[in-house]
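A.B. asks:
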Amino acid sequence: MFVTQALSNFASPSPTNMWRSMLPTSEVAIDNLHRQVAHKEKSVGMPKVDSLKESIKELNSTVNVIVHNTVLSRDSAMDILRPYDIVADCSDNPATRYLLNDACVILKKPLVSGSALRWEGQFTVYNYVDAKGERGPCYRCLFPVPTNPAHVTNCSEGGVLGPVVGVIGSMQALEILKIAAGHEPSFASKLYLFDGKFGKSRTIVIRPRSKECAVCGDNPTITELIDYESFCGSGACDKVQSLNLLPPSDRVSVSEYSQIRHCNPDVILVDTRPPHEFEIASMHEAKNVTLDELRKLDSSSIRERLALDGGEKHTEEVFVICHRGNDSQIGVEILREKLRPLRIRDIQGGYEAWAKEVDREFPRY
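In structure tokens:
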């Protein structure tokens, strides 16, 4: 919940009497600090909720911070959210977004929702009832069907710039303070879009509440919380989900690969990461061929890229690596068809595992 950090920093010093931190069970890591600005280097290893509480208390010691070091679920959400007037959604996965949305509709609470990825961010206010008694749209009104999990990218995979998170979190905090003070929010039924790369922002009017909406429509079919992980086909977790597309026989650990490359300096390694990630760091034997390239290139072109023909190298096996061990499994499946009869194997955990278990000097990002 990266936007949470910026939101809490600006909302906490204000004269409101309570702030609640609801973060998944996880600890502060060094690679969180550029985007989760409430944490400090000394906080590394601490539960994030405790670190965030400490940061809020340093800003305003009179704020009553109630911490929940747990993952929000269908069983806990109603009891956790019920005492509060305004809910902020700073999550990074569809399952939690649908869960928060449905809970807020059922509990009749406005939901100030923000997200950020790479250079861009956006936020809006869902389920707000204006002075005329008219209710704005909820998240389901706009997205009645969840996106295919294969097409969902979170911050851990896609990356995000800290200042973009700061912009969106600050805007969320401003809307929350307006609502708390009894003012109309500026972004109910509107979506604010921020492009940090080109320094542009715009506001668009979003469609009104749908009368057919499953949760806030005239005849709702969802009147209690459901199984959101099954509904979305993905876990309620901001962290990258590990895929298991291959049998164990088609995978090697980073420790095993370390021994293989030591014994065979001519080992063939395909690195499926994007070129800009490959430039950050790579193993010296790695050949950068992205998934898109693997899909498009024919067998002879791939063999040429990997120097498999022409007598330069003789091998019966090719290894594939990526950032965290997910894309590399897809790469194995592609290469299996195009490089028969060579054996193709994936390196479990990718460069992330390599940096943790084998080479601690290898850059982590």
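All the letters of the sequence shown, read from the start, carry residue numbers 1 to 365 under UniProt numbering. Even glycine gets a Cβ: it sits at the ideal position worked out from N, Cα and C. Given the structure is predicted, the values throughout are model-derived calculations rather than measurements.
1. Is E316 near R343, with beta carbons less than 8 angstroms apart?
2. By how many angstroms is the C-alpha of N60 removed from the C-alpha of R82?
3. Going by Cα to Cα distance, which pick from K200, G199, R345, A38 is closest to P247?
4. My assumption, with CB atoms under 8 angstroms, is that N326 sits in contact with L243. Please give the rounded CB distance.
5. Can you tell me the Cα-Cα spacing of N17 and Y84, whole angstroms?
6. Between the beta-carbon of S328 and the beta-carbon of T272, is there less than 8 angstroms?
7. Ignore the nearest five residues each way along the sequence and tell me which others in A281's own chain have a CB closer than 7 angstroms to its CB.
8. Pick helix, strand or coil for Q122, following the three-state DSSP scheme.
9. Pick helix, strand or coil for P208, following the three-state DSSP scheme.
10. Going by DSSP, which residues form a beta bridge with D346?
11. Within a Cβ cutoff of 7 angstroms, which residues of the same chain sit near E285, ignoring the five residues on either side of it in sequence?
12. Quick check: the region 224–234 against the region 84–102, are at least 3 beta-carbon pairs closer than 8 angstroms?
13. Among the candidates T203, D195, V145, whose CA atom is the shortest distance from the CA of W119?
14. Mind checking which residues open and close the alpha helix (DSSP H) that includes S186?
15. Under 8 angstroms, with one C-beta from each stretch per pair, do the region 181–199 and the region 117–134 reach the 3-pair mark?
16. What separation, rounded to the nearest whole angstrom, lies between the Cα atoms of V28 and R324?
17. Going by the DSSP bridge assignment, what does E27 pair with across the sheet?
18. From what residue to what residue does the alpha helix (DSSP H) around K287 run?
19. Which value, in whole angstroms, describes the spacing of the CA atoms of E54 and A38?
20. Return the first residue and the last residue of the beta strand (DSSP E) that D79 is part of.
21. Tell me, please, which residues DSSP counts as bridged to K200.
22. How big is the Cα-Cα spacing for R251 and A173?
23. Mapping the DSSP letters down to three states, classify D271 as helix, strand or coil.
24. Using only the alpha-carbon positions, how far apart do I168 and F187 sit?
25. With DSSP run on the structure shown, which of helix, strand or coil describes V65?
26. For E357 and C322, I'd like the C-alpha separation in whole angstroms.
27. Would you report the Cα separation of I206 and R135, rounded to the nearest angstrom?
28. By the three-class DSSP mapping on this structure, what secondary structure does R364 have?
29. For C213, which residues in the same chain have their Cβ closer than 6 angstroms to its Cβ, ignoring the five residues on either side in sequence?
30. In angstroms with no decimal places, state the Cα-to-Cα distance between G217 and I86.
31. Is it true that the CB of P185 sits closer than 8 angstroms to the CB of P137?
32. Quick check on DSSP: helix, strand or coil for R74?
33. So, using beta-carbon positions, are V112 and D89 closer together than 8 angstroms?
34. Whose CA, out of P220, A355, I30, lies closest to the CA of S255?
35. Tell me, please, which residues DSSP counts as bridged to S55.
36. Which same chain residues end up closer than 8 angstroms to M78 when comparing Cβ atoms and leaving out the 5 residues on each side of it in sequence?
C.D. replies: Result, derived from the coordinates:
1. A contact, by the Cβ cut-off of 8 angstroms.
2. Rounded to the nearest angstrom, the two C-alpha atoms are 24 angstroms apart.
3. Nearest C-alpha to P247: R345.
4. Right, the Cβ-Cβ distance comes to about 5 angstroms (below 8 angstroms), so this counts as a contact.
5. Since pLDDT at N17 reaches only 47, below the 50 mark, its modelled position is unreliable, and the value read off the structure follows with that caveat. For N17 and Y84, the gap between their C-alpha atoms comes out near 11 angstroms.
6. Yes; because the gap between Cβ atoms is below 8 angstroms, this pair is in contact.
7. So the qualifying residues of the chain are F362, P363.
8. Q122: strand per DSSP, three-state reduction.
9. Three-state result, P208: coil.
10. According to DSSP, which records beta bridges pairwise, D346 is partnered with R251, V320.
11. Cβ within range, chain order: R261, V267, L269.
12. By the Cβ criterion, the region 84–102 is in contact with the region 224–234, since at least three pairs of Cβ atoms, one from each stretch, lie closer than 8 angstroms.
13. Distance check between W119 and each of T203, D195, V145 places D195 closest, using alpha-carbon atoms only.
14. That residue, S186, is in no alpha helix (DSSP H); it is neither H nor E in DSSP.
15. As far as the Cβ criterion goes, the region 181–199 touches the region 117–134, which means the pair count is three or higher.
16. Spanning the two alpha carbons is a distance of roughly 19 angstroms.
17. The bridge partners DSSP lists for E27 are P47.
18. Element bounds for K287: not the alpha helix (DSSP H) but the beta strand (DSSP E), 286–288.
19. Separation of E54 and A38 (C-alpha to C-alpha, rounded to the nearest whole angstrom) is 9 angstroms.
20. That residue, D79, is in no beta strand (DSSP E); its alpha helix (DSSP H) goes 77–81.
21. Answer is D195.
22. Roughly 46 angstroms separates the two Cα atoms.
23. Looking at D271 - three-state DSSP - the assignment turns out to be strand.
24. Each residue's alpha carbon lies about 12 angstroms from the other.
25. The three-state secondary structure of V65, taken from DSSP, is strand.
26. If you take the alpha carbons of E357 and C322, they lie about 16 angstroms apart.
27. When rounded, the distance between both Cα atoms is 13 angstroms.
28. In the structure shown, R364 sits in coil (DSSP, three-state: anything other than H, G, I, E or B).
29. Result list for C213: R140, C141, in chain order.
30. Roughly 21 angstroms between the two C-alpha positions.
31. The answer is no: Cβ separation not under 8 angstroms.
32. Coil.
33. At a Cβ-Cβ threshold of 8 angstroms, V112 and D89 count as neighbours.
34. Minimum Cα distance to S255 is reached at A355.
35. According to DSSP, S55 bridges with nothing at all.
36. So the qualifying residues of the chain are A103, I106, L107, L225.
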